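Residue numbers for the sequence shown follow the numbering used here, so the first one is 1002 and each next one is one higher. All C-beta atoms in this analysis are idealised placements derived from N, C-alpha and C, irrespective of residue type, glycine included. Values in this document were obtained by computation on a predicted structure and should not be read as measured data. Reading through the structure tokens given below for one structure.
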Amino acid sequence: MPVCPTRCSYCSFVSYSTPKLISLIPDYVSRLCRDLERTASVIRRKGLRVRTVYIGGGTPTILSESLLSKLLDTVASCIDFSSLEEYTLESGRPDTVTYEKLKIARDHGVDRVSINPQTLSDELLSEIGRYHTTDQFYSAFDTARKIGFKSINSDVIAGLPGDNFYNFSKTFDKLTELAPENLTVHTFCVKRSSSLNGQEEKVFSRDGGDTGKCLDYSQLRAYVESYYPYYMYRQKNTVGNYENVGWTKPGHEGYYNIYMMEEIHSIYAVGAGAVTKLVDQSRRGEAAGFGHNSDRIGEPPIKRLFMPKYPYEYLDCDEGSEQYERFFSQLMN
Ligand code: SF4
């Protein structure tokens, strides 16, 4: 769902907040539902079992209650939940979360939500363009708790411009008091498509400043609070060249994150900017980075298929057109 209430200054995802695009959301959801049905039929014809469903963004909870119901009804009608291990709805922006929306999600089988403060400093939230308050985060988190999801994830970012060790450690302390089952600690980075691109020297010091200390603190505090690290990845252009770490309480590991990182499961993705990863199951070892099959050099064990990147392109790609049909025939192979 490539739409958010406002665009965070560091955002590098395909996500928009313009009124024109927001007005296209109903058409977008209708198209998404049709693509979902068609993709699910491919999954069934291939005899595959779905292990996780992940609705990400952007901010899926920007949808109205009726559109969220429509989307989740479609998921429920075309995907066999009997093999499902996890069903996540990103609810990253607390300013889009309501009791009714989370209740709809829970009633449709969602068992994991992601509610992200990034920082618990109101001043910093406004500086990074998030324009929600810490109170909104606490309220959304409390609502999710009352509704009773199996796991709540919360993201924080170390090394935000203007942040320091004192602020970060306070944020982390308050978050661990709430005890989300998953805590994802990102290191701030400036990507090409973010509005901070080109201002790196102004917004952060390459040596990382306090960031290493913040990450050390998050690690110590997370261990003390009985979290353990279960996945890690690195991006380019992070402050101090540090990494991103997913922490979890035992038994609450986010399976989708593991499957994405390991690259040994196929991922079927729909929507603008969605990237499908088809893993050749006879070459799972190679897909995970172990050795290679000398007979098949030049033929990667993972095939990636891209849906049109931008929402307008996605809506403009007519169903039945050559491009559209080519996509689905490649999906079937
Ligand atoms: S909430 Fe996430 S996807 Fe949306 S603008 Fe901010 S960083 Fe980007």
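If you measure between the beta carbons of residue i and residue j, is that distance less than 8 angstroms?
i, j, result
"F1189", "V1240", "yes"
"V1191", "V1246", "no"
"L1383", "V1271", "Lying outside 1002 to 1334, the shown extent of the chain, residue 1383 is not represented and no answer is given."
"P1309", "R1284", "no"
"W1248", "Y1234", "no"
"A1141", "S1070", "no"
"P1006", "S1018", "yes"
"K1104", "T1062", "no"
"F1173", "S1219", "yes"
"L1352", "L1279", "Lying outside 1002 to 1334, the shown extent of the chain, residue 1352 is not represented and no answer is given."
"C1318", "R1131", "no"
"R1052", "L1085", "yes"
"L1072", "A1106", "no"
"E1320", "R1035", "yes"
"Y1260", "T1089", "no"
"S1267", "Y1011", "no"
"G1292", "Y1243", "no"
With residue i as the anchor, note down where its alpha helix (DSSP H) starts and where it stops.
i, result
"K1237", "Counting along the chain, K1237 falls outside any alpha helix (DSSP H), and DSSP gives it neither H nor E."
"L1022", "1020-1024"
"S1140", "1135-1148"
"K1192", "Per DSSP, K1192 belongs to no alpha helix (DSSP H) and is neither H nor E."
"L1216", "1212-1225"
"K1278", "Per DSSP, K1278 belongs to no alpha helix (DSSP H); it is in the beta strand (DSSP E), 1276-1280."
"S1115", "Premise fails: S1115 lies in the beta strand (DSSP E), 1113-1115, not in any alpha helix (DSSP H)."
"A1288", "1285-1288"
"K1171", "1166-1179"
"Y1017", "It is not in any alpha helix (DSSP H) - Y1017 carries neither H nor E in the DSSP assignment."
"R1327", "1323-1333"
"L1316", "1312-1317"
"I1259", "1256-1263"
Measure from the alpha carbon of residue i to the alpha carbon of each residue in the options, then state which is nearest.
i, options, result
"Y1232", "K1151, L1090, D1281, E1254", "E1254"
"E1128", "D1164, E1066, Y1017", "D1164"
"E1087", "F1307, V1098, V1111", "V1111"
"F1014", "M1002, K1021, I1023", "M1002"
"V1054", "V1114, K1102, P1302, I1303", "V1114"
"Y1139", "T1097, F1307, R1107, K1047", "T1097"
"L1332", "Y1269, Q1282, I1023", "Y1269"
"Y1325", "T1040, R1008, G1149, L1025", "T1040"
"P1095", "T1135, D1036, S1227", "T1135"
"G1057", "D1211, I1044, A1273", "A1273"
"E1287", "E1263, A1275, L1306, R1305", "E1263"
"S1067", "R1045, R1052, S1031, Y1257", "S1031"
"N1183", "K1171, N1198, F1150", "F1150"
"Y1224", "R1146, F1307, Y1260, A1180", "A1180"
"D1211", "E1178, F1166, N1238, I1153", "F1166"
"P1118", "I1148, I1153, K1147, T1089", "I1153"
"D1281", "R1107, H1109, D1074, K1304", "K1304"
"Y1313", "L1049, S1267, K1021", "K1021"
"S1155", "L1176, Q1137, D1143, N1238", "L1176"
"R1222", "I1116, K1250, G1292", "K1250"
"G1059", "K1047, L1037, I1026", "I1026"
"F1082", "I1023, R1050, Y1100, D1143", "R1050"
"N1198", "G1252, N1238, K1171, E1178", "N1238"
"N1334", "A1289, S1322, T1277", "T1277"
"T1099", "I1265, L1126, T1144", "T1144"
"I1148", "D1108, L1126, H1133", "D1108"
"A1275", "S1024, D1028, L1037, L1126", "L1037"
"S1330", "V1043, Q1236, Q1200, S1024", "V1043"
"G1290", "I1265, L1126, H1133", "I1265"
Taking the continuous beta strand (DSSP E) assigned at residue i, which residues delimit it?
i, result
"V1246", "1245-1249"
"R1131", "That residue, R1131, is in no beta strand (DSSP E); it is neither H nor E in DSSP."
"D1156", "1152-1159"
"N1183", "1183-1188"
"F1307", "1303-1307"
Verify the CB distance criterion: does residue i have a CB-CB separation below 8 angstroms to chain E?
i, result
"P1312", "The structure shown contains no chain E; it holds only a single protein chain."
Is the stretch 1214-1221 close to the stretch 1147-1167, with three or more CB pairs under 8 angstroms? yes
Of all the beta strand (DSSP E) runs that stay within the bounds of the stretch 1054-1111, which reach a length of 3 or more residues? 1087-1091
Three CB pairs or more closer than 8 angstroms across the stretch 1121-1131 and the stretch 1068-1078: Touching, no.
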